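Have a look at the structure below, then the notes.
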Ligand SMILES: *Cc1c(COP(=O)(O)O)cnc(C)c1O
């Protein structure tokens, strides 16, 4: 029997309610029914960003939303500071270079969280304010590291520097605490296929007043990504071009489900599943990719493959035998690490299934295991399992 288990750190498993909503007949995106949906969604989506600022919804993947942030807020030749620890941070940084921005790149150990002091030091050396934006990743999906965004904000403030703070929370949003307003983020970037439990195809920019003011002066060429044109149409619940109507149907349901569970409980659930996953990894006797205990991701756990074993061969084996997809090692970690996603529509039972698949796969691959990780994970989950909501 074919029943595929998607255990990669995004796209994440989708609730049936969301899929059913998406399968509805597409409606006129210039009509009154759509307009009412647009008005509701543009108001409600702010809740997951914890913001009163406008949130723009693109038909795009997360990468498109990176580009939107850069081209709206900056001018060609301006300096941008990137903390390039991890595959996604690096890709975003390379995009900025290709777009003609002057990139100042902090190279750092991929297995460690952001060291905010390094940002302060660089900004203190930029008295003239040449650096216009600081770009960081909230949850680095390639390494399983959750970065401390308030610490990055504090680092910029400590240098008394006017740079904008741009944060990629593509995989962090709606899975881990995120506060666009309170944390003083200028542009928050997200996508639909991770914590929002939707298929890929929607991208998001939450935009502070400071970022909006910067966009009035910014000279990067932009057309499709232009905030202004979209915000004008959004005022009446519309988009300038055809939106992803059916994904928006799904977004409404996903936002309702998150609200009903309560964001706090959603974050708690992710923390609990992550703790259980790490307990499994330790019981197997394997090593986590993340070396900073306080930065373990609640969304994805990256695991180092022991020497002599190829992580991708192991993943192929798990797919062939158990029809489960695990995340591949990205960039520097290719072949060396695999990733277990525990985000989105995931709970105790689906996680134990996934960890069972990993454990069987490791045995079949001949990896020597210290103990049963599944048992260790069950112990963690049985301790504090709440009744299902
Ligand atoms: C998934 C992801 C992206 C890329 O999103 P796409 O939808 O593949 O363009 C960017 N950043 C992070 C942290 C991600 O997890």
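Numbering (our numbering), first residue to last: 3 to 391.
For every residue, glycine included, the Cβ atom is placed at its ideal position computed from N, Cα and C.
On a predicted model such as this, the values are computed, not experimentally measured, just so you know.
Cα-Cα separation between residue 98 and residue 165, rounded to whole angstroms:
16 Å
Checklist line | Residue span of the alpha helix (DSSP H) that contains residue 258, given as start and end | finding: 247-263
- Query: Would the C-beta of residue 63 count as close to ligand 1, meaning under 7 Å from any of its heavy atoms?
  - Reply: yes
Heavy atom of ligand 1 less than 7 Å from the Cβ of residue 196, yes or no?
yes
Q) Taking all protein chains shown into account, do 16 or more other C-beta atoms lie within 10 angstroms of the C-beta of residue 213, making it buried, or fewer, making it exposed? A) buried
Exercise. Could you tell me whether the Cβ atoms of residue 279 and residue 303 are closer together than 8 Å?
Key: yes
Between 74, 66, 73, 104, which lies nearest to residue 84 when the distance is taken from Cα to Cα?
-> 104
- Query: Any chance the segment 223-237 sits against the segment 107-122, with 3 or more Cβ pairs inside 8 Å?
  - Reply: no
inquiry  = Under DSSP, the beta strand (DSSP E) around residue 328 begins and ends at which residues?
reply    = 326-328
Determine the contact status of residue 358 and residue 340, defining contact as a CB-CB distance below 8 Å. no
Exercise for the section: Starting from the N-terminal side, write out each stretch of the beta strand (DSSP E) that is 3 residues or longer and does not extend beyond the segment 198-233. Expected result: 204-209
- Going by Cα to Cα distance, which pick from 240, 276, 77, 249 is closest to residue 216? 77
If contact is defined by three or more beta carbon pairs under 8 Å, each pair taking one atom from either stretch, is the segment 29-39 in contact with the segment 179-190?
no
Can you give the Cα-Cα distance for residue 343 and residue 195, rounded to whole angstroms? 12 Å
Next item on the list: Would you mind reading off the limits of the alpha helix (DSSP H) that contains residue 382?
Entry: 375-385
According to DSSP, what are the bridge partners of residue 190? 169, 208
*Would you decide whether residue 218 is buried or exposed? Buried here means 16 or more other CB atoms lie within 10 Å of its CB.*
exposed
Between residue 162 and residue 116, is the Cβ-Cβ spacing less than 8 Å? no
Notebook entry, point to check: Are the beta-carbon atoms of residue 200 and residue 118 separated by less than 8 Å?
Noted result: no
>> Quick check: the segment 289-307 against the segment 131-144, are at least 3 beta-carbon pairs closer than 8 Å?
In response: yes
Below 7 Å, is the gap between the Cβ of residue 375 and the nearest heavy atom of ligand 1? no
For the beta strand (DSSP E) holding residue 134, just list the boundary residues, first then last. 133-139
**Study point:** residue 2 versus residue 96: straight-line alpha-carbon distance, rounded
**Key:** Residue 2 is absent from the model: the chain starts at 3 and stops at 391.
Residue 202 Cβ short of 7 Å to ligand 1 heavy atom set
yes
- Verify the contact flag: residue 246, CB atom, against every heavy atom of ligand 1, threshold strictly below 7 Å. no
**Q.** Buried or exposed by the 16-neighbour rule on C-beta atoms within 10 Å, applied to residue 134
**A.** buried
Quiz prompt | Coil, strand or helix - residue 155 by DSSP | solution = helix
**Asked** Among residues of its own chain, excluding the 5 on either side of residue 28, which ones have a beta-carbon nearer than 8 Å to its beta-carbon?
**Response** 247, 248
Looking at C-alpha atoms only, which residue of 371, 187, 146, 306 is the closest neighbour of residue 289?
306
For residue 305, list the residues DSSP reports as bridge partners.
290, 340
For the beta strand (DSSP E) that contains residue 105, what are its first and last residues? 104-109
Query raised in the report: Taking the Cβ atom as the reference point for each residue, do residue 375 and residue 276 lie within a distance shorter than 8 Å?
Result: no
Along the alpha helix (DSSP H) that carries residue 36, what are the first and last residues, could you check? 34-51
Discussion item. Please identify the residue among 175, 308, 382, 240 whose C-alpha is closest to the C-alpha of residue 49.
Written reply: 175
Per-residue burial, residue 234 [other beta carbons within 10 Å of its own, 16 or more giving buried]:
exposed
Apart from the five residues just before and just after residue 160, which ones in its own chain have a Cβ nearer than 7 Å to its Cβ? 122
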